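Q: Residue numbers (our numbering): 3 to 378. Here a beta-carbon is modelled for each residue, glycine too, at the ideal position from N, C-alpha and C. Computed from a predicted model, the values in this text were never measured in an experiment.
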């Protein structure tokens with residue numbers, strides 16, 4: 003049971019609730035009823051609902067569990083002090099990479115176990131839909147070999163630097179703003195990037211450490227497919243990252259996507275949910291055609307014990323919109339509505355913004371101030 007709870011990540015501290023000492027009590031009845039008590043840093047912690055949902059979904063997915071009851075408590079002064087100490091040690095360990103991503107931003111890595119599932123198109127359109135809600139959204143194209151964000155967004159130009167910091171390319175979306183960093187702004191579109199291992203990791207580190215991101219509400223990271231060096235490096239450099247796993251309907255794709263989720267959890271990253279792409283095509287007269295099968299997203303979400311955030315059907319508008327650099331999320335048609343709903347679920351249910359003046363965020367601010375204070 004505690005092993006399953008080790009997959010529940012506090013997104014502010016970037017560590018699991020077992021490591022942080024937040025699991026006070028865990029009991030299982032002979033009838034399969036699980037009762038767990040989770041201690042929060044403060045009773046009114048804004049992560050309360052998210053943590054409760056994550057605990058319930060992880061435990062409910064275990065064999066033999068019939069129901070889960072989660073009681074939320076409040077830490078004692080001694081428990082808060084222990085968490086503060088762990089936060090201090092973690093912050094000291096992470097300062098070797100001075101990430102210029104504001105602590106208030108929710109960081110979502112859009113991942114897949116294999117290529118060809120439409121991950122980049124989903125990332126670009128989800129980022130656009132979030133920006134349409136009046137948010138400031140960063141988009142990091144971490145698919146160094148297979149960069150595609152500039153074309154999908156219709157953006158051109160070269161990244162410039164100010165005060166030794168890279169300045170993201172920007173695109174206004176209604177009242178919101180997209181800030182984009184991609185190798186596509188540094189290399190020709192048809193130029194092969196022949197990098198491996200440490201060089202790839204260093205490129206992603208530059209995009210996190212040496213970019214002047216400024217204010218962000220969300221940072222979406224378009225990950226390369228698979229479970230390789232960049233995925234491992236991201237878990238080390240930005241441990242508060244949360245993962246959205248993209249799959250297509252077939253069972254084969256579902257099983258490969260599960261590896262991306264497994265790698266995330268082994269790196270202590272929270273798996274926030276599953277998105278199914280290339281769902282059944284619905285023609286004008288209403289008939290549904292499951293050209294690639296159906297149900298893969300729901301099966302994967304159930305297997306992982308996380309929500310199915312949404313499904314995006316095959317649609318003839320998707321490819322030409324990407325080629326033209328006009329995200330379908332900007333439109334008012336069926337796909338525009340689907341991505342609007344997807345962004346709403348992300349912003350309101352899956353990864354809502356957290357007030358930085360409360361809960362563990364306030365403690366981490368104190369940690370950062372202590373680390374930055376001159377020695378006496």
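1) Among all the DSSP beta bridges, which residues are the ones paired with residue 37?
2) Near residue 26, what residues of its chain come up, given a Cβ to Cβ distance below 8 Å and the 5 sequence neighbours on each side ignored?
3) On the criterion of 16 or more Cβ atoms from any shown chain inside 10 Å, does residue 321 qualify as buried, or is it exposed?
4) Does the distance from the C-beta atom of residue 218 to that of residue 240 stay below 9 Å?
5) Does the segment 269–279 come within contact of the segment 130–141, defined as at least 3 CB pairs closer than 8 Å?
6) Using CA coordinates, which residue listed in 130, 114, 9 and 355 is at the minimum distance from residue 182?
7) Between the C-alpha atoms of residue 208 and residue 156, what's the straight-line distance to the nearest angstrom?
8) Taking the alpha carbon of residue 227 as the point to measure from, which residue in 30, 32 and 249 has its own alpha carbon closest?
9) Got a sec, what are the start and stop residues for the beta strand (DSSP E) residue 312 sits in?
10) Could you have a look at residue 76 and say whether DSSP puts it in helix, strand or coil?
11) Let me check one thing: in DSSP terms, what residues is residue 164 bridge-paired to?
12) Go through its chain and collect everything with a Cβ distance to residue 108's Cβ below 6 Å, but skip five positions before and after it.
13) For residue 159, I'd like the list of residues in its chain whose CB is within less than 8 Å of its CB, leaving aside the five on either flank, ordered along the chain.
14) Using a Cβ-Cβ cut-off of 6 Å (strictly less than) and excluding sequence neighbours within five positions of residue 266, which residues of its own chain qualify?
15) Quick one: is residue 69 buried, meaning 16 or more other Cβ sit within 10 Å of its Cβ, or exposed?
A: Walking through what the data contain:
1) Position 35 of the chain shown, counted from the first residue, corresponds to residue 37. Per DSSP, 29 and 71.
2) The residue labelled residue 26 in the question sits at position 24 within the chain shown. Around residue 26: 39, 40, 41 and 75.
3) Here residue 321 is taken as the residue at index 319 of the chain shown, counted from 1. Per the 10 Å Cβ criterion, exposed.
4) Translated into the one-based positions of the chain shown, residue 218 becomes position 216. Translated into the one-based positions of the chain shown, residue 240 becomes position 238. Result no, Cβ atoms of residue 218 and residue 240 do not sit closer than 9 Å.
5) no
6) By one-based count along the chain shown, residue 182 stands at place 180. That would be 130, whose Cα lies nearest to the Cα of residue 182.
7) As a working note, residue 208 is residue 206 in the chain shown. As a working note, residue 156 is residue 154 in the chain shown. Using only the alpha carbons, I get a separation of about 24 Å.
8) Along the chain shown, one-based indexing puts residue 227 at 225. Measuring from the Cα of residue 227, the nearest candidate turns out to be 249.
9) Taking the first residue of the chain shown as 1, we reach residue 312 at position 310. Unbroken beta strand (DSSP E) run through residue 312: 310–315.
10) In the chain shown, counting from the first residue as 1, residue 76 sits at position 74. Residue state, collapsed to three classes: strand.
11) What you label residue 164 is simply residue 162 of the chain shown in a count that begins at 1. DSSP output for residue 164 lists 167 as bridge partner(s).
12) Here residue 108 refers to the residue found at position 106 of the chain shown. Around residue 108: 220 and 353.
13) Taking the chain shown and counting its residues from 1, the one referred to as residue 159 is at position 157. Closer than 8 Å at Cβ, skipping near neighbours: 171 and 187.
14) Against the chain shown, residue 266 aligns to sequence position 264. For residue 266, where only same-chain residues beyond five positions count, the Cβ hits under 6 Å are 245 and 273.
15) Counting from one through the chain shown, the residue named residue 69 turns up at place 67. Exposed, since its Cβ has fewer than 16 Cβ neighbours within 10 Å.
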